[in-house]
Structure formats: C-alpha cells, structure tokens
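Report on the structure given below.
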Amino acid sequence: MMDHPSRAGREPAWRDQLDFYRAEEPVLYEKIIRHFMLALLDEGLMTMEDLEGEVTRIVGDSDFIHWANPNRPEPSLDEDQIEALRLVVRDRIADLWSDTKITDNIIKAIKKDLALRLAEMADDPFSSWEEIRRETMEFSKMPIGGSSLSVSDAMATRVALIRRLLSDQLEFLDIAKSVLTIRDFSEIISRVIGPERGLGKLGGKAAGFILAHDALTKARREGRAVGEFHTPLTYYIRSDVIFDFLKANGLTDVANMKYRDVEDLRREFRIIRRLYRTGRFPDYVVRRLRTILATLGDVPLVVRSSSLLEDRLGSAFCGKYVSLFVANQGSLQDRLGELLQAITQVFASTFNPDAILYRRERGLIDFREEMACIIQPVVGSRMGRYWLPALAGVAFGANEYRWSPRLKREDGMVRLVAGLGTRAVDRVGDDYPKLFCPGQPSLRTTVHPNEILRYSQRNVDVIDLEQNKFDTIPVEDLMASIGNKYPGTQHVFSIWRDGHLIPATGLLMNVDPKDLVITFDGLLERTPFARQMKEILDVLGEVWGVPVDVEFAHDGERLFVLQCRPQSRGGEKRREPVPRDVAKADKIFSADRFVQTGQLRGLEYVVYIPFEAYDSLATYEELVAVGRTVGELNRKLPNRRFILMGPGRWGSRGDIKLGVRVDYADINHARLLVEIARRKGDYVPDVSFGTHFFQDLVEADIAYLPLYPDEPGKVFNTDFLLGAPNALGDILPDRKDLEHVVRVIHVPAVTDGKLLDLVMDGDEGLALAYLRKQAAAGSED
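Residue numbers for the sequence shown follow our numbering, beginning at 235 and rising by one.
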C-alpha cells in the first residue's frame, strides 16, 4: 500500500485515533469501521466483491466468497475474517481518502453513535433525565461542519427528543422535526425541573414557544428579514411534577372530578384551589426553584400554564388555564413562597369548569391532562414603583374582521397596548387597544382626532413593586408618577393640543400628563415595527402551515416573542349577498361595521338584554344575576338555535356595568353574540378580535356582530325586541323577577311560525337579520 502524498514523512493523526478507539472503545471502533465500509460502498469506491476478494486473499479461505445458498443459513464470520475486514477497510480509506476526509468521517461516525444512543434513551421510559442531558451535552460539543449527520439519522433523533420532551402529537412532530435540531435541546434540558426519572413533557405552550424561537432564528440565519428579536430566559416545570405534588398532598382523587357536572365543578372549584394552595412541593422542586430565584434576582416573573393539550393544532385552550404574574420582591424565602403559590394556582386551573367543558365538547375529557409550567422574567423595566413593558400585544396572521374593503385577510391583525399585554388578550370593559393590520398599517380603524382620542387606551396594567401585586392604573397617573420618563415615549404617545394630535418628541418635560394620548403613531409611522410583525407572522405561518397568533412584548429597545400557536379559525364560509327585498316589518337589525361572512338560518330564540334595563340595576348582585340567568338559558334553550343580544362588552373583566358578566360555559351553546352600542351611556363594543374571549367564540363557531343602532340608516326593530311576549318565566320560573331585564323571545310563537335568519356579507361589510317563513329550520352555512 502506498502512502497518500499529503502524509509523506509523518503518521496521520487519524491512525492514532482509530488505534485508541480499538483499544479503549471496541464497540465504537466497530461502528466507525462499519461507517467507513458503507461510505466506500455508497461512493462506488469499493464493491462487495472487492471486499470479499481482499478478505479471501488475507485469510486464505476460499469459502468466504461462497456463502450464498438458498437452502441453509449463512455462517457467521470468525475473528480472523472480521479482523481482515477491518484491515481492508482501513487500507482502502488510507488509499482513497484525504486525512481531512477520514477525520470528518470519524467525527460523523461518532456523531451518529451519539445521536442514535440519544434517540434510544429518549424512547426508553426508564432512562433518566440526567442521562439524556449528558448525552445532548456531549453531542453539542461535537464539531459543526462537514461531518454532519445523515438526514435520516438526524430526523430519527430529533423526533425521539421532541416526542419525549415536547409533544407526541403527530401534526406537531411533522412540523417540529424540520426546525428543531439536536443541539437545541441541550440548553433546554438544562433548564427543566422534574423528577430524575419520568415521562413528563414541557407542554403545548412551551412547545410552541421553543419552535417559534428556533424557526425565527433559522429564518434570520437564512437571510429572511424578520429583524432582531429576543426571547426571555425560560425555565420549565415538567408535566409529571404535578403528580408528585398530588401524591405528596393526598390529592390524587381530585383528578376524577373532571367527570362531575359542570355546575358542581363551579361550586367545588374554589375548594380545589384552596386545597392546592395549602399543598407542599417535593424537595427537588423547592431546591431548584430556590437556585433559580437566586440566579434571577428580584426581577418580576410570570408563571404560564403549559398543559399537554394547550396550544395544540385544533385545541388552543385560550384563557382556560391561568398565567400569573409574581412581583418577586422581598427576601429569598418570601419570593420562593410567592412563586410556589403561583404554581399551585396554575396546577389547580386544570379543573377550571370552562376548561373541563371545553375538553368535553372536543372529546378530550378522557385524555390524561398534565399541567406543565413556564417561568420567565417579565419583559420590561422599572418605572418608579412599577414594572411594565413599553408595549405588548398579540398578533394574528389572518384578519377575520376587516374595517376597510382594501384590507385582505392575509394582512393580519395586531392588538397593541402600553404596559403588560393582559389588556390585549383579556376583554376589559372600559378601555381600548390599538388595532392595526401589519400588512397595511396606514389603514386606520379611526381617522378623526376626536375619535382617536375617544378610542385610545386610558389604563395600563402594571406590576406594583411596592405593593407586590398586579395592578391597573390610569395612564395619566403613571406618567405623572414617573415624570414622563417612559421608554420609547415618542413611539407610544401623541400629544393632544387644541383639538389636534401632534407627535411626541424628547422627554416631554413640559407636557401635562393628561394631554398624553396612546396612539402608537410614532411606532407605526417612523419605525419598521409593523413590517417586522408581518414578517414574523409570515415566517411562522409558513412553518405551521396555517396562520398563527403570536404574543409579544417590547421593553423600549428590544422586541421579545413570548408565545406562538396556530390561530383559532372557524370553518370557511361562502359569501351570500344581503337580500334587498325583505319587508320592513320583517327586518330585525342591520350592521355595516366589522362584519364577517356567514349565514345563520332558522334561529328560534332571541335572548335580549335592553341597555336601559341593564343600566337601571342598582346592585352588583343584580348584575351578576343577569349573567347567571344567561348561563341557565344557555343550558336550557335548544343547542345553537338561539342568539344573545345585549349592551357593552360581554365576558370582560373590570366594571360589570359595562358588559354582561359571563364565562365560556354561559354562552357556548349560542349561535350568535350581538353586542350593542347605544349613544346613551358608555356601552361601546370592543372589536374583540384577538382576545381569549373572541378565540372562544371562534372555536365554538359562535358568530359575533357589533351593532350601532343609533347611527343613521341602521335597522333596529324595537317593536319586535321590546314588544314581543317574554318567555323567560315559562323557561326559568325561578328567574321571573328578571323579566324586565332579560327578554326571551320565542320567534315562531310570536311571528306565526317564522324563524330568524341572519346574512352577513364580509366583502360588502353588510349584515341583516330578518324574519322568514321556512319549510325546515336549523340549517346554516
């Protein structure tokens, strides 16, 4: 055998490597030789016949090449023949490959061995997390470059790790295996809290967050213009921790309560939460959290739910489980206690009655739901006594409620707020987020300065570091307390002066805080923020294969991506023009703002809460009773044959006078929710697209329509809505005392057999509800 020219006068290092592995790690040595042999065969540099001939020449055994016999098994190789194979392969690579190529293939063979060992561990339910962590760390130390794994070997290991750590949902596996790499898991595993041996996962919200981070990082690396983005340092509590918690506190029987009646659960949920709050955690959890708090310091934290079912394709669970803010102030022991309490409340939210009902409706009640948690520092900065981001919100890849015919569905939608993003995803009764389309940010929902002022955000959600709590305060009070020193002031605020809005510049030292208006004009007109959000939505939508929703926050300097999941979507609706030939007496109501496309046929009941009656209620108990009555009607009336109509913002937090207090379980059988804005009072609908409440409507296929009946040209048939007999007392005798507030109209009984139809034409932005004689009821498109 001749020496390769590049090796003249010296012994190549790879020979020493192979000799070391031969002596110290013979199993790995065999795998390296096998890898060489297969590579030579694959490159066409050697055939099996060549190999057999060489071995025969060395061992002098002519039978070696006459193995094939269809009537008897082939004999195994003896040690001499095996050693001859090794020598032949080593000689061939020495002759045919460069030193660099041989070294690269040694690394590749070792990588393959590590990767496949890692896949075996991930698939083995008895392997420990320390073993998996150690193997991923070892793999991550291997060089990157020409010694890459084959696609098949890489995919096998990725899938095994995704299935063990994140999700075994096939749709997610199919997406994630092309994005996440083996090296990505090394850092993740180092920040996981869980029992040493166990099969817990990080949950759906964590899976979406991790996938979004890696997909955007990959897109930037490939030259996609997604701009600079960040993700918070994140720790994960595995889903099997909750079972150790339940066992340690004698609460394992609580899991069976998911089969109880929802009304029973409503009553008992408070007890469940109390039992969880008094529970003790396993020592390994307490020790690890203490270390994490010592590392993070006293920055405020958020504890997010991340159950196995959450944020999956087909089941978003928007707002069903809780995410809680922790001020994280005081001594280490105090901070630890506060954090542990937050985790127990997240665990307990598994039995939220709305979550249980949501699971039942989707055939998920028998699934063994497990609750994992995400712990992250809250994005933001200290402003006086408060901690908050400069801005935050939620962005959607598809816009289902378009206020201009120039807008397209793919232009997307963003709900943007100053402060914590809770005001963007929760419905609040007395405030407004900024709505804009990242594809066409110049097309505003409001144009006149007075309208912009009226529909601007007035309050901001913050963490009060002195009171150690989440709080909501007026923007004016915040700006007065911090001396107008707000990160990115010129991007968030405009100044109200003499009936006009002018750009905010500088530090605003001479501006009265009450003249500051949150418009985000500077952000949208003078920065690439809107374009960046559109690019992020496009990249992640391509990865998921469907439009996504993304929660984000900005500290005034950096954009942070916090969460990503498939966007909740209703079924595709065919367009039908609004009929023009309906008799005036048969028209019930019309709309021309924020109209989606769809048709509802054969509606039998109308539940109507007049503004004047609701506004006249004097006590909190009376207002709550209205919401409870709606819930009882929801369970009593024919499924999806009734609509709900009433003032303000239903299901919002805050002032109950500004909207009917209902939960998901109170409206889930309705076919349509109509929110009514009257010029009297403050009952103004919020276009709720993007809130958790709205996501509930979409997933339950409940249509939504805001009405502005006092505007010129609108139909609002008060003779029918107020004059028709009220069937509430017949349906709910115990609620007869609320007949003056809650009106239930049995449509066919008062219209000689007619039923209610609603046609909504989103392209034209028109909707009409009208009475029609029908041969068959209950159909819909």
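Ideal Cβ positions, reconstructed from N, Cα and C, are used throughout, including at glycine.
Open item on the list: Quick check: L383 and K345, are their CB atoms within less than 8 Å of each other?
Closed with: As a first step, residue 383 is located in the sequence shown; it is residue number 149 there, counting from the start. As a first step, residue 345 is located in the sequence shown; it is residue number 111 there, counting from the start. Against a cut-off of 8 Å, the Cβ pair of K345 and L383 comes out as a contact.
Open item on the list: What residue range does the beta strand (DSSP E) around D695 cover?
Closed with: Here the question's residue 695 lines up with position 461 in the sequence shown. Unbroken beta strand (DSSP E) run through D695: 693-698.
Task: Segments assigned beta strand (DSSP E), at least 3 residues, entirely inside the segment 817-894 - done: 821-825, 832-837, 839-842, 876-881
Open item on the list: Relative to the C-alpha of N693, which candidate in N684, S676, M713 has its C-alpha closest?
Closed with: Position 459 of the sequence shown, counting from 1, holds the residue named residue 693. Closest by alpha carbon: M713.
Task: Cα-Cα separation, Y842 to G880 - done: Position 608 of the sequence shown, counted from the first residue, corresponds to residue 842. Position 646 of the sequence shown, counted from the first residue, corresponds to residue 880. Looking at the two C-alpha atoms, the distance is approximately 6 Å.
Open item on the list: Can you confirm whether the segment 486-505 touches the segment 558-577 when touching is taken to mean that 3 or more C-beta pairs between the two stretches lie within less than 8 Å?
Closed with: no
Task: Residues bridged to C798 [DSSP beta-bridge criterion] - done: For the purposes of this step, residue 798 is taken as residue 564 along the sequence shown, with counting starting at 1. Paired residue(s): V784.
TODO: Name the residue from Y848, Q567, T451, H903 whose alpha carbon lies nearest to the alpha carbon of G865.
DONE: Along the sequence shown, one-based indexing puts residue 865 at 631. Here the closest residue by C-alpha is H903.
- [ ] Pull up the distance between the alpha-carbon of L992 and that of P811, whole angstroms please.
- [x] Here residue 992 refers to the residue found at position 758 when the sequence shown is read from its first residue. Here residue 811 refers to the residue found at position 577 when the sequence shown is read from its first residue. If you take the alpha carbons of L992 and P811, they lie about 11 Å apart.
Task: Cβ contact (3+ pairs, closer than 8 Å) linking the segment 280-294 and the segment 321-339 - done: yes
- [ ] Look at the Cβ atom of M282, then the Cβ atom of L274, and state whether they are nearer than 8 Å.
- [x] As a position in the sequence shown, residue 282 is number 48, starting the count at 1. As a position in the sequence shown, residue 274 is number 40, starting the count at 1. No, these two residues do not count as a Cβ contact at 8 Å.
TODO: Tell me the start and end of each unbroken beta strand (DSSP E) in the segment 626-691 that is at least 3 residues and wholly inside, in chain order.
DONE: 647-651, 668-670
Open item on the list: In this structure, how does DSSP classify L279 when only helix, strand and coil are distinguished?
Closed with: In the sequence shown, residue 279 corresponds to position 45, counting from 1. Three-state DSSP puts L279 in coil, outside helix and strand.
Task: Opposing strand residues paired with W1044 [DSSP bridges] - done: One cannot answer for residue 1044 here, as it falls past the ends of the chain, which runs 235 to 1015.
Open item on the list: Beta-carbon within less than 6 Å of A440's beta-carbon, same chain only, minus the 5 sequence neighbours each way: which residues are those?
Closed with: In the sequence shown, the residue the question calls residue 440 occupies position 206. Cβ within range, chain order: Y470, S540, I608.
Open item on the list: Once DSSP output is grouped into helix, strand and coil, what is the label at F373?
Closed with: By 1-based counting over the sequence shown, the position of residue 373 is 139. Of the three classes helix, strand and coil, the one that applies to F373 here is helix, per DSSP.
TODO: Taking all protein chains shown into account, decide if H447 is buried (16 or more other Cβ within 10 angstroms of its Cβ) or exposed.
DONE: Position 213 of the sequence shown holds residue 447. Buried: at least 16 other Cβ atoms inside 10 Å.
Task: Counted within 10 angstroms of its Cβ, other Cβ atoms place A528 as buried (16 or more) or exposed - done: For the purposes of this step, residue 528 is taken as the residue at position 294 of the sequence shown. Answer is exposed; the Cβ neighbour count stays below 16.
Task: the segment 581-596 contacting the segment 651-671, beta-carbon criterion three pairs below 8 Å - done: no
Task: For L1002 and T831, the rounded distance between their alpha carbons - done: As a working note, residue 831 is residue 597 in the sequence shown. As a working note, residue 1002 is residue 768 in the sequence shown. One C-alpha to the other measures close to 12 Å.
TODO: Measure the Cβ-Cβ separation of I340 and I267 and say whether it is below 8 Å.
DONE: Position 106 of the sequence shown, counting from 1, holds the residue named residue 340. Position 33 of the sequence shown, counting from 1, holds the residue named residue 267. No, the Cβ-Cβ distance between I340 and I267 is not below 8 Å.
TODO: Under the assumption that V1016 contacts V784 (Cβ atoms under 8 Å), give the Cβ distance between them as a whole number of angstroms.
DONE: The question about residue 1016 has no answer here: the residues shown for the chain are numbered 235 through 1015.
TODO: Determine the DSSP secondary structure at L400, reduced to helix, strand or coil.
DONE: Within the sequence shown, numbered from 1, the residue matching residue 400 stands at position 166. The answer is coil: DSSP assigns L400 none of H, G, I, E or B.
Open item on the list: Check whether the segment 760-774 and the segment 456-476 are in contact - that is, three or more C-beta pairs closer than 8 Å.
Closed with: yes
TODO: Kindly indicate which residue of V426, G553, F551 has the alpha-carbon position closest to the one of R522.
DONE: As a working note, residue 522 is residue 288 in the sequence shown. The shortest C-alpha separation from R522 is found at V426.
Open item on the list: Please report the straight-line C-alpha distance between H980 and F828, rounded to a whole angstrom.
Closed with: Your numbering for residue 980 matches position 746 in the sequence shown. Your numbering for residue 828 matches position 594 in the sequence shown. Cα to Cα, H980 sits roughly 28 Å from F828.
Open item on the list: Just verifying my parser: in three-state terms, what is the DSSP assignment at S557?
Closed with: As a first step, residue 557 must be located in the sequence shown, where it is residue number 323. Looking at S557 - three-state DSSP - the assignment turns out to be coil, as it is neither helix nor strand.
Task: Under the three-state DSSP convention, the category P708 falls into - done: Start at 1 with the first residue of the sequence shown, and residue 708 comes out as number 474. It is a strand residue.
Task: Entirely enclosed beta strand (DSSP E) segments - the segment 425-510, minimum 3 residues - done: 469-471
Task: For M605 and I476, believed in contact at Cβ under 8 Å, the rounded distance - done: Position 242 of the sequence shown holds residue 476. Position 371 of the sequence shown holds residue 605. Confirmed, Cβ separation roughly 5 Å.
Task: Y898 versus F927 - alpha carbon distance - done: Translated into positions along the sequence shown, residue 898 becomes position 664. Translated into positions along the sequence shown, residue 927 becomes position 693. Cα-Cα distance, rounded: 8 Å.
- [ ] Specify the secondary structure class of S540 as computed by DSSP and reduced to three states.
- [x] Stepping through the sequence shown from its first residue, residue 540 is reached at position 306. If DSSP states are grouped into helix, strand and coil, S540 belongs with the strands.
Task: Where Y938 sits in the DSSP three-state scheme - done: Within the sequence shown, numbered from 1, the residue matching residue 938 stands at position 704. Here Y938 sits in strand by DSSP.
- [ ] Just confirm the distance between the C-beta atoms of F373 and I422, as a whole number of angstroms; I'd bet it's less than 8 Å.
- [x] The residue given as residue 373 occupies position 139 in the sequence shown. The residue given as residue 422 occupies position 188 in the sequence shown. Their Cβ separation, rounded to whole angstroms, is 13 Å, which puts F373 and I422 out of contact at 8 Å.
TODO: Can you give me the Cβ contacts of T985 inside the same chain, cut-off strictly under 6 Å, excluding the 5 residues immediately before and after it?
DONE: Against the sequence shown, residue 985 aligns to sequence position 751. Contacts found: L1005.
- [ ] Would you tell me roughly how many angstroms separate the C-alpha atoms of L480 and I378, rounded to the nearest one?
- [x] Start at 1 with the first residue of the sequence shown, and residue 480 comes out as number 246. Start at 1 with the first residue of the sequence shown, and residue 378 comes out as number 144. Going from the Cα of L480 to the Cα of I378 covers about 44 Å.
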